[in-house]
Structure formats: C-alpha cells, structure tokens
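Chemist:
2 protein chains.
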Amino acid sequence: MESAIPPHLRSDRARPRRIPDDYAPPYPSFVARHKPSVKRVVMAYFGVQYPGEAPATAATALQRIAAAFTAANAPGHWDRASYVDEAGFTNIISIAYWDAPASFDAWFAIHGRDWTADSRVGEGLGYFIEVLRPAVERYETLFSATDRPEGIAVLADSMSDVVQEHAYWGGARDRIPLSQTDEMAPAGMARIVTEGARRRVLPLGNLCLIRSGQDWGDTEADELHMYQHEVEPVLREGMEFLRDDGLAIGCFANRYMRVIDADGAPVDKSFGMSWWKSLAALERWSESHPTHLAIFSAAMKYLQALGPAARLKLYHEVTVAAADEQFFEYLNCHDRTGMLRAE
Amino acid sequence: MESAIPPHLRSDRARPRRIPDDYAPPYPSFVARHKPSVKRVVMAYFGVQYPGEAPATAATALQRIAAAFTAANAPGHWDRASYVDEAGFTNIISIAYWDAPASFDAWFAIHGRDWTADSRVGEGLGYFIEVLRPAVERYETLFSATDRPEGIAVLADSMSDVVQEHAYWGGARDRIPLSQTDEMAPAGMARIVTEGARRRVLPLGNLCLIRSGQDWGDTEADELHMYQHEVEPVLREGMEFLRDDGLAIGCFANRYMRVIDADGAPVDKSFGMSWWKSLAALERWSESHPTHLAIFSAAMKYLQALGPAARLKLYHEVTVAAADEQFFEYLNCHDRTGMLRAE
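Chain order of the listed sequences is A and B.
The opening position of the first sequence corresponds to residue 1251 in the numbering used here, with each subsequent residue numbered one higher.
The opening position of the second sequence corresponds to residue 1251 in the numbering used here, with each subsequent residue numbered one higher.
1. Does any C-beta atom of chain B lie closer than 7 Å to the C-beta of A:Pro1540?
2. Could you check the C-alpha separation between B:Trp1357 and B:Arg1314 for me, to the nearest Å?
3. Which of the three DSSP states, helix, strand or coil, is assigned to A:Phe1280?
4. Is the CB-CB distance between A:Tyr1565 and A:Phe1393 below 7 Å?
5. Applying the criterion that 16 or more other CB atoms from any shown protein chain within 10 Å of the CB defines a buried residue, is B:Asp1349 buried or exposed?
6. Which runs of the beta strand (DSSP E) at least 3 residues long sit entirely within the region 1353-1419 of chain B? Give them in chain order.
7. State buried or exposed for B:Glu1537, treating a residue as buried only when at least 16 other CB atoms are found within 10 Å of its CB.
8. If contact is defined by three or more beta carbon pairs under 8 Å, each pair taking one atom from either stretch, is the region 1277-1288 of chain B in contact with the region 1459-1479 of chain A?
9. At 3 residues or longer, and completely inside the region 1419-1467 of chain B: list those beta strand (DSSP E) runs for me, N to C.
10. Who are the neighbours of B:Tyr1418 on chain A, taking C-beta pairs under 9 Å?
11. In the structure shown, what three-state DSSP assignment does B:His1584 receive?
12. With 9 Å as the limit, tell me which residues of the region 1255-1269 of chain A have their beta carbon closer than that to any beta carbon of chain B; keep them in chain order.
13. From this set, A:Thr1310, A:Arg1263 and A:Phe1578, which residue's C-alpha is nearest A:Asp1432's C-alpha?
14. By alpha-carbon positions, which one of A:Gly1514, A:Trp1535, A:Thr1587 and A:Val1291 ends up nearest to A:Gly1496?
15. On the DSSP bridge list, what partners appear for A:Tyr1300?
16. Can you name the residues that DSSP bridges to B:His1539?
17. How about B:Ser1353: is its C-beta nearer than 7 Å to some C-beta of chain A?
18. Per DSSP, what kind of secondary structure is A:Pro1275 in: helix, strand or coil?
19. Work out the CA separation of A:Leu1492 and A:Gly1522 for me, nearest whole Å.
20. Out of curiosity, what's the CA-to-CA distance linking A:Thr1373 and A:Gly1455?
21. Report the neighbours of A:Lys1551 on chain B: residues whose CB is nearer than 8 Å to its CB, in chain order.
22. Taking the alpha-carbon positions, what's the B:Phe1319 to B:Pro1305 distance?
23. Which one of A:Tyr1273, A:Ser1287, A:Met1589 and A:Ala1548 has the shortest CA to CA distance from A:Val1413?
24. In chain B, what lies closer than 9 Å to A:Ala1435 by C-beta?
25. Please list, in chain order, the chain A residues whose beta carbon lies closer than 9 Å to that of B:Leu1543.
26. Return no unless some Cβ of chain B is closer than 7 Å to the Cβ of A:Trp1530.
27. Give the DSSP-derived three-state secondary structure of A:Ser1520 in the structure shown.
28. Going by DSSP, what residue range makes up the alpha helix (DSSP H) through A:Phe1319?
29. Figure out for me which residue from A:His1327, A:Tyr1333, A:His1258 and A:Leu1375 has the closest Cα to the Cα of A:Ala1309.
30. Suppose the cutoff is 7 Å on Cβ atoms and the five residues either side in sequence are ignored; what does the same chain contact list for A:Arg1370 look like?
31. With a CB to CB cut of under 8 Å and the five nearest residues on each side skipped, what residues in its chain are close to A:Tyr1300?
32. With DSSP run on the structure shown, which of helix, strand or coil describes B:Thr1310?
33. According to DSSP, which residues form a beta bridge with A:Ala1579?
34. Take the Cβ of B:Arg1363 as the centre, count every other Cβ of all protein chains shown within 10 Å, and call the residue buried at 16 or more, exposed below.
35. Which residue from A:Arg1330, A:Ser1353, A:Arg1449 and A:Lys1289 puts its Cα closest to that of A:Ala1389?
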C-alpha cells in the first residue's frame, strides 16, 4: 500500500489527511502515475450541440476534429461521448488529453482555436470549448482496476500499487497534492464576456471538474444485471438531480454521457462530468445527497462482496483548476450549456 | 449561526475543519452549552446483567442505585435503559451524569464503589461500572431540537443557536474542541486485570464512546409510521452489525438500548451506545457502512423534508477520553460484556 501522492509531490502537511496513518481501506483502488517530468496536463472538451435530428454539419465537425487529433502535436488520448441535455439538445463532446502543454498550445493554435470561430455561426450547430490545463498538484485519479485506464490516466506512465487514501469521504481531496497545504477555496464571481458571436466564461479560482465513469463491457449475466438494475438507476437519478437542481448547491453543469465510437455507436461505458464552484461543494453533495449515498453504498457493498472478481470498472478524475488554467468558449449554444450557467 | 465550539474553548487551529467558512448546513442542529466554569463532567454507567428471568436481586439492585442517586452529591441527571445482549442476557444500565467531578468522587466513594464489590458475587447477577470523566475539550453533543436535552446536555446551561459544524462527515470531530489541535489517535493495548472476583479493564488512550438516541414520543400517525417502518429497521440493522461484527472494525461493544422508567416500563426513546478504539474507527463505520449510510440518508431526507415540523427528536454525545479519564470494572459478567471484549 502506498500514498496516492507520489514522493516527488509530497510536502510538509499544513493540512492533515482525514485518516489516521494506520487506516486500511476495505477494498483496493489505484491511481495513475505520471513520470515526474510531467508537470502539467491538458484536458480539452470540444463540443457540438444541436436540437432534434443531427444536421449534416455535425458529422463534418466530428470528422474534422477527429482528423485534427491525428495531426502534429496530437493529443496522447481522446474519446467521444454523447448525451441529450435538459433543453433537449444533443451534445457530442470529443475529449482530448495532453501531458505537454506546449504541444497542446501548438496543436490548438492550428486545429483547435477555430472550433468556435465566428464563421461557424451559419452551420446550424452550437460549438463549445472547455479546457483545463492543471498542474499535476491540482488533480487526482482513482481506478477500481489497473488494466483499463481512462481519461488522463491513459497518458500516465503506470498505475500505482493499492493506495491508502480512498473509500472514505474526503479521499479525493486527500489525493490531490495541493490539499497538503491549501484549502482550495473558490474565488471570484462568474462572468460572461461576449466577443462577436462567441461567449467566453471568465475563469473562477479553484473551479472543480469531475469526470467519473463506469465500464460494464466485461461484466456478465448476474453482474451486468446488478449494474443495470441496482446501480445504474440510482446513478442516473443522482445525475439528473445535479443536471436539474445542481445550481443551488454549487454544481454549474452536469452531463451524464454515454461513450460512443467513431461511427457514433454507443459502447459499454458512461461517465458523469460536472463543473463545480468548488471541491467543497462537490464533497458536500457526494457525501450527503441521498442519490449519491445510495450509489456509494451500493458500490461499497458491491466491491467488498465481489472483490477482485468484480468486472465492472470504475474510475474518476477530479481537478481543482487555478484561474489561469481555464478556458471556456461557447458559440451559438443555448444559455444552459456548460459553464454558461455559472453566471 | 455559530460554531459548535464555544469562544472560551477555541484555540489556534493546527488542524482545519472539513468545511469552508461559508458552509451552511442544510437543516438546523444545536449543541449543549455548559457554563465556562464547568471544566470536566462525569458519565457513569452502572449495569446489572442476568440470563433469562430477572432474579429478585435485580430489582433490589436497581432500587439501591436509584436511592443512591438521591443521596448527597447526587448526579444532576440520570436515566435507565435495558437491552438483551448477544449472549441472551438482559442488561439494565442506570446512567448518571455529573458536571463536578469532586461531587462524583464523593458520591462514588460512598454509593458507587461497592456496585462491583466482591460480596455481590452470590447474588446471581453480573454487575459492571463504566465511567468516563472527560474534560470539556473532549466531547461534543448534537441535538435536532432545543427543547429536549438528553444525557450530559440535561446538565448544560443552555442550548446553542444553530451550529455550523454538522450534517457532514467529520462534523463530530470538528465539534470536539480538542480536534483543533490533536488527531486524538488511539494509544495502548487493552488489558484486563483480575482483582478477586472483579475484572478491571485498563484504560486506552483516546477511547471513544458514543450515545446516540431518538425520542419518538411526540410523533404522530404518519411520522411515527415513517420512523417505525423506514428508520428504525435500518437503525436496528446497523446496531446489530456493530454488536455482532463490530470488533473487526474497532467497535469493542455496542448496545442498542430502550429507555425504561422507574417501574421498568419502556418509554418512547431508544439509543445506541458503543465503545470504540478511536473516533476514527467510529467515523469510518458511520460514513461507509451501508446500514449507517441508509440511516444517515433517511435522516437527511426526513429532516430536510419536514424541517421544523419534525417531531422526532435526535441527539448524540461523543466523547474521546484520555487514559486517566476512564474506569471499567466487571463482576460476574460474561466475557462478551462491554469493554471486556476489548482485550
């Protein structure tokens, strides 16, 4: 067992962990390990949005960004997911990860920047870009198994041994290296700036993003049935609560997304991604809302009962971004899209 | 709204609270306030134990201690509760509270000390004494309403205004004044010393006691039905888990008790009381065990829905006792009684 915080990111704790040193988690979990040379990563969400049936321009846009992901300075990993939002719009997001910000910058200048160009207004699509570029001190990952990295972890050097800081409330905070010395309190008020047809959301200090997913592709018969009938419905209920009523508790936006392949066909993976005013707000919801307690309780029971036999894979990544690590731009999107709701 | 820690017990925090300063709990709770002159209190549990039908000696013992509670230096408050333990023995415990340790000492020397005297061996009863005498820095209380103090709170000067540190995991720790500067880690190994017919359990540093109760006397129709059918069964399941399987997770003993009146008749109150290796062990169980998550989730839903209209009263007191604040003695008790299980 080892700490989720790797040796090169440890500092003298001004803020103690929630657990005693002899704490032993009831089931194993793992975190992604980057090489120490990785100082900062990029998580970039490129979305298109449309009501009703997909216009032809949507397929073109998706092909264009997929092609761009094979160009010079391409992301180390990307995937794509879809969902229908509360306004009835289909949103398809291509999510790309880099572990070298300079590569992202070079790529973005040529292939990314014009995703929300004014010239696209006539396409009958909404376009948006949501980017975080956190220092490695500002995010954490967690995996129920070591053989199926997702998200930023695909770019990691390896998976850790079993980590100590998990399976208790506050574990995510304790895994984020910056929590050793910083409360990571929110700062600033959201503000939207209009630039031509585009709307940019100005950054908020310590804005929090979670991507939390599940992969049921390896489950069989009983386990699949259990996931579909006991886990997924409570998960969906929690996701819908956040989508519809999250704003009052600091959740700016929640998307419960189904991963899709290059042809748009759904695969056996889903995730929730949500933008939060602060990690504290995310903590309060997850540890007190009945739907999330039900999810957590079901997961605890499930993982403790099945142990290594569990085929359902769970993971998440939680980032607390500084103001200068954020970029949000929306073109022709409806007003309840992503961080537009933050104002 | 105010801090659960009163001004005279505040210190420079070496260990921050789990919540940000702008945290607003979703429903109100209150804590007991002693006069600043109160430095230390006493919580004393005097138990009798027998298998099967009550021998005549049991009634005599209960009358004797009740009479003693009216003598000089009597406790400021006491009550009595009963339960049948996992070995099938009935246990009746008279629980008394003092807010002046010198009064307790004077009373105990005359009326309490011989509760476990060797001479009682022939009575066909088990007798036990479990006493904590914590400094006020070492315990906290919590009440869902201000009009029905229980336990040590009956001796308090008043109830607080709505407090900030509650309705999140770790709230109990954040309400204990010592947590501002101390992890309150467990210390030492349990050891039993036999003195004639009596067995004494030597103290453990930072041993933790919780008494956590509910009073459904004021509930009517729908609310009573909800308590009896939705809350009590999950509560009972959690209590039975701790009783039967608690040892592996640091719960030395758990008693799910029904309050009884002077004639032994049950009243509409119950509580769980349990001895824990550490506050951390109690925290881990309460925040991760499915039965307790279900209890918490039901309570959150219930209290948020009913608000001030809720007639069910909830309270608890949690103490983390130093080694020199503990006394445990067992006479003729079975080996699974209370702290005898700690060795």
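Glycine residues also receive a C-beta, built at the ideal position from the N, C-alpha and C atoms.
Computed from a predicted model, the values in this text were never measured in an experiment.
Modeler: Reading off the structure:
1. yes
2. 14 Å
3. strand
4. yes
5. buried
6. 1376-1382 and 1389-1393
7. buried
8. no
9. 1442-1445, 1448-1451 and 1457-1465
10. Trp1419, Glu1533, Arg1534, Glu1537 and Ser1538
11. coil
12. Ala1264, Arg1265, Pro1266, Arg1268 and Ile1269
13. A:Arg1263
14. A:Trp1535
15. A:Thr1340
16. Answer is none; B:His1539 lacks a bridge partner.
17. no
18. coil
19. 10 Å
20. In the sequence as presented, Thr is not what sits at residue 1373 of chain A; that position holds Glu. Straight-line Cα distance between these residues: approximately 34 Å.
21. Pro1540
22. 22 Å
23. A:Tyr1273
24. Pro1270, Asp1271 and Asp1272
25. Leu1543, Ala1544, Phe1546, Ser1547 and Met1550
26. The question names Trp, but residue 1530 of chain A in the sequence shown is Ala. For A:Ala1530, the answer is yes, since a Cβ of chain B falls inside 7 Å of its Cβ.
27. strand
28. It is not in any alpha helix (DSSP H) - A:Phe1319 carries neither H nor E in the DSSP assignment.
29. A:Leu1375
30. Tyr1377 and Leu1581
31. Ala1308, Phe1339, Thr1340, Gly1374, Leu1375 and Gly1376
32. helix
33. With the sequence shown as reference, residue 1579 of chain A is identified as Glu, and Ala is not the correct amino acid for it. Note: A:Glu1579 sits in a beta bridge opposite A:Ile1379 and A:Arg1450.
34. exposed
35. Per the sequence presented here, residue 1389 of chain A reads as Tyr, with Ala not at that position. The option with the nearest alpha carbon to A:Tyr1389 is A:Lys1289.
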